[in-house]
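For reference, the structure is listed below as structure tokens.
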Amino acid sequence: MVEEEHDHTFEDMVQMVGMRLETEMFGVDIMKVQEIIRVQEVTRVPRTENYVRGVVNLRGKVIPVISLRERFSFPAPEGDGREARIMIVNTLVGTVGFEVDAVTEVFRLPKSSIVPPPPTAARLDSEYIVGVGTLNGKLLVVLNLDRLLSGREE
């Protein structure tokens with residue numbers, strides 16, 4: 068019986084990649100993340116939104132890069148940016164890179180611990196938020212990157 072409970076608990080968990088923007092923590096379903104790379108030179112694309120950093124060439128494939136910091140209207144970063152990374156994510160519109168201040172860890176959260184976002188989700192448009200969970204006693208915003216791209220970026 069204990070084994071069944073353990074299996075059930077495992078099935079009720081979601082594995083996520085943790086990332087940081089400023090001091091705020093976010094999570095993304097690990098099944099969407101293809102890889103994580105260091106920030107590299109990005110080629111700007113004229114007449115794009117300010118949060119579209121440009122494109123990168125990743126092993127012969129041209130991938131658009133979006134700054135989540137800019138997209139969510141966070142102020143300019145402080146520090147040297149050595150921890151900044153680009154998460155290469157498979158989305159409904161194709162492969163996209165999302166630039167973040169840092170990728171922190173891979174973790175599991177019980178699905179039941181992710182609650183809907185509050186109606187007045189601070190600083191973020193709540194349509195991009197799957198919910199809010201707790202990791203190590205701190206709040207974590209779970210993002211839906213497909214919804215983030217469902218507007219003008221398509």
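Be aware that the sequence shown starts at 68, since it is given in the numbering used here, and climbs by one per residue. Backbone N, C-alpha and C fix where the C-beta goes; we use that ideal spot for every residue, glycine too. Here the structure is a predicted model, which means the values were calculated and not measured.
Item: For Ser134, three-class secondary structure by DSSP; Value: strand
Item: Span of the alpha helix (DSSP H), counted from its first residue to its last, around Arg214; Value: Leu212 to Leu215
Item: Terminal residues of the beta strand (DSSP E) in which Asp96 lies; Value: Glu91 to Asp96
Item: Check whether Thr158 and Asp96 have beta carbons under 8 angstroms apart; Value: no
Item: Identity of the residue in Gly148, Gln107, Glu150 and Ala143 nearest Asn124 by Cα; Value: Gln107
Item: Through-space distance from Glu89 to Arg126, alpha-carbon basis; Value: 30 angstroms
Item: Any 3 or more C-beta pairs closer than 8 angstroms across the segment 163 to 179 and the segment 134 to 141; Value: yes
Item: In chain order, each beta strand (DSSP E) run of at least 3 residues that lies wholly inside the segment 106 to 172; Value: 119 to 125, 128 to 134, 152 to 158 and 161 to 167
Item: Buried/exposed call for Arg149, threshold 16 Cβ in 10 Å; Value: exposed
Item: Nearest-angstrom Cα separation, counted from Pro177 out to Leu207; Value: 13 angstroms
Item: Distance CB(Gly161)-CB(Gly94) smaller than 8 angstroms; Value: no
Item: Beta bridge counterpart(s) of Lys205 as assigned by DSSP; Value: Leu202
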